[in-house]
Amino acid sequence: MATITKRGKSFLVQVSMPDGKGGYIRKSSTYKSPLGSTPTQTKRGADAYAIEFENKCRGLTNYNENMTLDELQTWYMSDIAPNRLKGSTQDINTRVYEYYLHPLLGRRKLKDLTPVVLDTAFRQIQESGGIREYWTLISTDTLKDALHAVGGSYRKMAVNGIISVDRMTLISRGGRTFKDKAQAISDYCKMPIESLFTPEPTEPLNSNTAKKIQSTLGALLSTATQKGIISNNPMLHVEPIKATETKRAVMNAEQAHLFLARLEKLENMSVRALLLTALFTGARSGELRALKWADVDTQQGLINISKSIDAKNRITTPKTKKSTRIIQIDFRLAAFLEHYYCEQQAYIDDMRGRIADNGIVFPAITTGDYMNRHYPNSVIKGLIRDTDIPQGLHIHSLRHSFTSIMINDGADAKLVQSALGHSRLQTTMDVYGTIFAETLAKSMQGVSFTLTNGGNIFGITKQEETICDMVK
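Residues -5 to 466, numbered by this note's numbering, are exactly what the sequence shown covers, in order.
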């Protein structure tokens, strides 16, 4: 076991090892903490350095620790991720790495990624949102004129690998993008970036996003430890970021009635049916958009959830093993889906081959292909405008609203877990624990009312109880 002795502003680390002749030899090294380190960071850094030095002395260090983090990421995404992660998860992890980790740590060698270095990097990411700049489009009309001048379009930019059509659509609606993407779009239009985009001031990063960045790096370095690339995972000694509880946009029963009333008047029958089914089943957006009519049995009132669709319209397995499930639907929803099927078939016949009939339950009505994942949210935004429905509502909020109503109607945690396809009961409790607690409080009041027949216990009034408390 290594010993650590403080000497002024540095630490002496010593390791005693057998010399093979019945005696011992002592090896030593010095650790100096980076400037500005707190006492806690200094101690963690010294402890981590002592472990690393002892492993080196015992010949446990793999010389691949001279690999940079960028090189490790490239290896991980090519050799490990395809066998371990879904395509959508790979996409998310790649974006997290490119946006936040690469600029700050990508060129650092693995052996230099000490807990103190990582703590400093995460603090910088949280305070400034990383070091990449966000830009927003000045005017959609200006962009359209610029594209017209060069004979370009969103689709042509996607074909050239500049930016996807979905992402470009979001930017045109006011969504922000990183400077390198804004620059690529401007270069394509042959215009200065300042003519099309304006920079946004940097903002502190949401703690939930920062936690995701931390977990992404943790998984990367944990794999490097497992595969013998590094001897010690420095993330084990990094100060964990606490996620903040976000308030979910959830409709109560009255708001859901208003939502359904507005939904009934929606002309697009496909997205109308999708949103109604989402609210009545609590199924995820990707699960519903991937449905085909072969998965729906309106006679028995069953929907078979066996697949999902990701952000790039790739058919994949559901989120977890438990997510593969059969949903028993109400006869009202079954009747609605039967009527919707007939309505859909009549529409396809009227289009006379101009759209494909791919058997998709909720297709894009202009093509017959899978519906764009962003479209339902834009529809919801218009539906709830000028109402008391939470304005942050989106399609996943319908899942939360379904669950909230289900719990308030008396469903227990196991039933909710089964309906939602959660892999663990704890996940259900973590997400909906507050609603369960509120329902439990109402149930306790109901039990009290029943036991007392609505009267006072032993004739004690609330006023008398207050006087008793005052005497005490």
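For glycine and all other residues, C-beta sits at the position ideal for the given N, C-alpha and C.
#1: If we ignore side chains and look at the alpha-carbon of each, how far apart do Asp113 and Gly100 end up?
#2: For Val9, I'd like the list of residues in its chain whose CB is within less than 6 angstroms of its CB, leaving aside the five on either flank, ordered along the chain.
#3: According to the neighbour-count rule (16 or more other Cβ atoms, all chains shown, within 10 Å of its Cβ), is Ser474 buried or exposed?
#4: Between the C-alpha atoms of Arg283 and Leu269, what's the straight-line distance to the nearest angstrom?
#5: Would you check if the segment 369 to 384 and the segment 244 to 256 touch, i.e. whether three or more CB-CB distances between them fall below 8 angstroms?
#6: Measuring CA to CA, which of Ser317, Ser225, Thr318, Tyr364 is closest to Lys286?
#7: Quick one: Cα of Gly2 to Cα of Leu66, how far?
#8: Measure how close the beta-carbons of Ala328 and Thr271 come, nearest whole angstrom, since I'm counting them as under 8 angstroms.
#9: Closest to Ile74 by CA distance: which of Leu392, Phe396, Thr217 is it?
#10: Use the C-beta contact count for Phe133: other C-beta atoms within 10 angstroms, 16 or more gives buried, fewer gives exposed.
#11: Go through its chain and collect everything with a Cβ distance to Ser31's Cβ below 6 angstroms, but skip five positions before and after it.
#12: Three-state secondary structure (DSSP) at Pro234?
#13: Quick one, which of His416, Glu261, Gly295 has its alpha-carbon nearest Phe274's?
#14: Among the residues of its own chain, which have a CB less than 8 angstroms from the CB of Thr422, if the five just before and after it don't count?
#15: Use the C-beta contact count for Glu188: other C-beta atoms within 10 angstroms, 16 or more gives buried, fewer gives exposed.
#16: Rounded to a whole number of angstroms, what is the C-alpha to C-alpha distance between Tyr91 and Gly16?
#17: In this structure, how does DSSP classify Gln294 when only helix, strand and coil are distinguished?
#18: Taking Asn227 as the reference, give the member of Arg89, Val265, Lys105 with the closest Cα.
#19: So what does Arg1 bridge to, in DSSP terms?
#20: I'd like to know if the segment 79 to 99 and the segment 202 to 219 are in contact, where contact means that at least 3 CB-CB pairs between them fall below 8 angstroms.
#21: With Lys21 as the anchor, note down where its beta strand (DSSP E) starts and where it stops.
#22: If you check the beta carbons only, do Ile469 and Gly362 fall under 8 angstroms apart?
#23: Would you list the one or two residues that DSSP bridges to Thr62?
#24: What do you reckon, are the CB atoms on Asp64 and His231 nearer than 8 angstroms?
#25: In its own chain, which residues sit with a C-beta less than 8 angstroms from the C-beta of Val144, not counting the 5 before and 5 after it?
#26: Across which residues does DSSP place Pro357 in a beta bridge pair?
#27: Alpha carbon to alpha carbon, what distance is there between Glu46 and Phe172?
#28: Within 10 angstroms of the Cβ of Glu121, are there 16 or more other Cβ atoms? Answer buried if so, exposed if not.
#29: Can you tell which of Arg278, Thr62, Lys150, Asn298 has its C-alpha closest to the C-alpha of Arg393?
#30: What does the Cβ neighbour count give for Gly353, buried or exposed, with the cut at 16 atoms within 10 Å?
#31: Taking the CB atoms as reference points, tell me whether Ile224 and Glu332 lie closer together than 8 angstroms.
#32: Is Ser317 closer than 8 angstroms to Ile299 when the C-beta atoms are compared?
#33: Do you know how far the Cα of Tyr43 is from the Cα of Val7?
#34: Under the rule that 16 or more other beta-carbon atoms within 10 Å means buried, what is Leu215, buried or exposed?
#35: Would you report the Cα separation of Lys236 and Asp403, rounded to the nearest angstrom?
#36: State buried or exposed for Thr210, treating a residue as buried only when at least 16 other CB atoms are found within 10 Å of its CB.
In brief:
#1: 15 angstroms
#2: Excluding positions up to five away in sequence, the list reads Ala(-4), Lys21, Glu48, Cys51.
#3: Outside the displayed range of the chain (-5 to 466) lies residue 474, so it cannot be described from this structure.
#4: Arg283 and Leu269 have their C-alpha atoms some 10 angstroms from each other.
#5: At 8 angstroms Cβ cutoff, the stretches touch.
#6: Tyr364
#7: Distance between the alpha carbons of Gly2 and Leu66 is about 36 angstroms.
#8: With 8 angstroms as the limit, Ala328 and Thr271 do not qualify as a contact, their Cβ atoms being about 11 angstroms apart.
#9: With respect to the C-alpha of Ile74, the residue from Leu392, Phe396, Thr217 having the closest C-alpha is Thr217.
#10: According to the sequence as given, residue 133 is Ser; it is not Phe. With fewer than 16 Cβ atoms within 10 Å of its Cβ, Ser133 is classed as exposed.
#11: Val110
#12: coil
#13: Gly295
#14: Ala407, Val410, Gln411, Leu414, His416
#15: exposed
#16: 50 angstroms
#17: Three-state DSSP puts Gln294 in coil, outside helix and strand.
#18: Lys105
#19: Ser4
#20: yes
#21: Segment 18 to 26, the beta strand (DSSP E) holding Lys21.
#22: This structure leaves residue 469 out entirely; the chain is present only between -5 and 466.
#23: Lys103
#24: No; because the gap between Cβ atoms is not below 8 angstroms, this pair is not in contact.
#25: Tyr182, Cys183, Lys184
#26: Pro357 pairs with Tyr364.
#27: Cα to Cα, Phe172 sits roughly 38 angstroms from Glu46.
#28: exposed
#29: Arg278
#30: Of the residues assessed, Gly353 falls on the exposed side of the cut-off, its CB having fewer than 16 other CB atoms within 10 angstroms.
#31: no
#32: yes
#33: Those two C-alpha atoms are separated by around 8 angstroms.
#34: buried
#35: Cα to Cα, the separation comes out at about 33 angstroms.
#36: Under this definition Thr210 is a buried residue.
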